[in-house]
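In this note's numbering, the protein residues as written are 1 to 131.
From the three backbone atoms N, C-alpha and C, an ideal C-beta is built for every residue, glycine too.
See below:
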């Protein structure tokens with residue numbers, strides 16, 4: 001009788017431990033991928049165009065930065081969705097994906113949603129003295 005009563009609670013506890021840990025690790029990975037994708041996108045921004053008057057009138061090539069960021073996400077985290085917001089000097093990336101749930105499958109939860117975000121600015125040279 002005790003086994004019948006305790007088994008669902010045991011699976012719930014195991015689900016919190018293992019599936020919760022997988023969700024936390026997945027969210028950290030999504031954050032890391034979003035950060036790196038934003039850097040890859042910011043590397044594609046034309047710094048000279050950003051500093052010119054073209055940037056004020058939409059002359060910066062943000063489409064190339066968006067493509068580079070989403071290509072990085074598709075390689076680093078297959079199956080994840082990528083949303084990019086880019087302007088003349090900043091690229092922001094949002095990543096959404098799912099991780100499989102092992103123990104939560106018993107209660108009908110087969111996947112856990114994870115997301116991450118990152119932002120990078122396009123800089124060249126030294127901006128300030130390092131102390």
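Nearest to residue i (by Cα), restricted to the options the options
i: residue 7; options: 107, 97 and 79; result: 107
i: residue 34; options: 86, 90 and 70; result: 70
i: residue 30; options: 123, 122 and 115; result: 115
i: residue 46; options: 32, 98 and 86; result: 86
i: residue 37; options: 61, 63, 62 and 95; result: 95
Pair within 7 Å by beta-carbon distance, residue i and residue j
i: residue 42; j: residue 120; result: yes
i: residue 93; j: residue 84; result: yes
i: residue 80; j: residue 73; result: yes
i: residue 112; j: residue 23; result: yes
i: residue 27; j: residue 44; result: no
i: residue 117; j: residue 89; result: no
Extent of the continuous beta strand (DSSP E) to which residue i belongs
i: residue 100; result: 90-100
i: residue 121; result: 111-121
Limits of the unbroken alpha helix (DSSP H) element including residue i
i: residue 66; result: 62-76
i: residue 10; result: 2-14
is_contact[residue i, chain C] using C-beta, thresh 7 Å
i: residue 102; result: Checking the listed chains, one finds no chain C in this structure; it contains a single protein chain.
Does the segment 97-111 come within contact of the segment 13-29, defined as at least 3 CB pairs closer than 8 Å?
Contact between the segment 97-111 and the segment 13-29 is present, because at least three Cβ pairs lie under 8 Å.
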